[in-house]
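So the sequence shown is numbered by this note's numbering: it starts at 5 and just counts up by one.
Note that CB positions come from ideal geometry on N, CA and C, so glycine has one too.
The model shown is predicted, which means the values in this text are computed figures rather than measured ones.
Before any comments, here is the structure.
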Amino acid sequence: MLQMSELDDDSLFDAVKFITQTEQENITLSSLFFNYCQTDSDADCSTVQYSMPAAAKYKIWLFRDVQNPTDTPIKGVVSFSEGGQFLHCLRFTSDAEKAEFCELLAAEIPQDEVFCVLGEKQGSELIASVIKKRRRQTRNYMLMHFVGNAEKLLPPAEMELVKCGISQLNELVPLQMGYELDEVLVDKADFDEAVSRLTMRKFLREQIIYALFEKNEANTAPRAVAKAGTNARGQNWYQMGGVYTVPRHRGKGCAAFLAQHLALKNAEMGKQTALFVKDENIPAQKAYKKAGFVPDKPFEIIYY
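Pasting the structure below:
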């Protein structure tokens, strides 16, 4: 029998332990519990400790098997953000547990506030089964993780690699805008340049971002043509996202090089790397395989 409760200080350790057992499937959820230093330097952030997520931004529910009198193990963790995003880590082993989970969650979901469900496909579909709003769009992805068994790649000769900080904000905003328009937004009419700029600023302060710049010509400012970075950092796994190359430089190996370089840098810090790529984006899948990533399992985002 399942019991639903909200995360508190007493249950924090158990929740983190449960989530990190299969962290590569839910790095974004795991990242809510970890605070990393800014990345303007190469400081090793591996000693970061977990802490309670900001209560004002997230509702986090735990689902326990109360029939186990010894340790009442956690069977599921679900996060619901102030922006209406569901993240999840679910390990139910029977149809009865899944049915109990749906009944408990349905009683708590603020239906009008739901925006999307994001995560491993089976878990996303289970949560979606109790959401009454009409789906706007379902996007299917393949989760991939880095194994590092590929030939080391080099950047195109006319480009130079830069580890980016806040000083590169203006150069990277156009790439972030292109990424959001091409890969993220359900409705391009929702695009907001100011929000895109704030997002890029946040990533530069909190994540690890690398970019390729065209080598300087006389009296010209360097131009960023491709970027890749982390967008979530858990305990043992970092998630790569925001990979984007401007159209005129596609097909030159920029994405494959950046993905591999970032994954290798993460590995130097003792962190593994995962990403997810759209099922229909065959060129990107080929690039990531060339960089040393292998398919893991289906991943899904459902928009409402």
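Going by DSSP, what residue range makes up the beta strand (DSSP E) through residue i?
i	result
GLN25	GLN25 -> no beta strand (DSSP E), and no H or E assigned at all.
GLY257	Per DSSP, GLY257 belongs to no beta strand (DSSP E) and is neither H nor E.
GLY123	120-124
ILE1	Lying outside 5 to 308, the shown extent of the chain, residue 1 is not represented and no answer is given.
Which value, in whole angstroms, describes the spacing of the CA atoms of residue i and residue j?
i	j	result
SER45	ALA132	Note that SER45 scores 47 on pLDDT, short of 50, meaning its location in the model is unreliable; the coordinates nonetheless yield the value given after this. Using only the alpha carbons, I get a separation of about 41 Å.
VAL118	LYS63	13 Å
GLN89	THR224	42 Å
LYS309	ASN220	Here the chain comprises residues numbered 5 to 308, so residue 309 is not present and cannot be evaluated.
SER55	GLU162	44 Å
PHE17	PHE37	10 Å
PHE195	THR97	41 Å
ILE306	PHE84	14 Å
GLN115	LYS167	41 Å
GLY245	PHE280	8 Å
CYS106	ASP12	22 Å
VAL82	PRO226	44 Å
LEU185	ALA291	21 Å
CYS120	TYR308	6 Å
When burial is assigned at 16 or more other CB atoms within 10 Å of the CB, is residue i buried or exposed?
i	result
ALA232	buried
GLU27	buried
SER171	exposed
SER9	exposed
ALA19	buried
VAL151	exposed
GLU197	exposed
I need the DSSP call for residue i, collapsed to helix, strand or coil.
i	result
MET56	coil
MET8	strand
THR277	strand
ASN39	coil
SER171	helix
THR32	helix
THR142	strand
PHE195	coil
ARG68	strand
ASP18	helix
ILE131	helix
PRO226	coil
VAL151	coil
LEU165	strand
GLU101	helix
LYS301	strand
For a cutoff of 8 Å on Cβ pairs, would you count residue i as touching chain D?
i	result
PRO287	No chain D appears in the structure shown, which is made up of a single protein chain.
Taking the DSSP output, what are the residues bridged to residue i?
i	result
ILE113	Paired residue(s): none; ILE113 is not in a bridge.
ARG237	TYR242
LEU94	GLY80
ALA232	TYR214
Looking at the secondary structure, which residues open and close the alpha helix (DSSP H) in which residue i lies?
i	result
ALA291	286-295
Flag residue i as yes when its Cβ comes closer than 7 Å to any non-hydrogen atom of the ligand MN, and as no otherwise.
i	result
LYS102	Absence of the ligand MN from the depicted structure is noted, as is the absence of any ligand whatsoever, leaving it without description.
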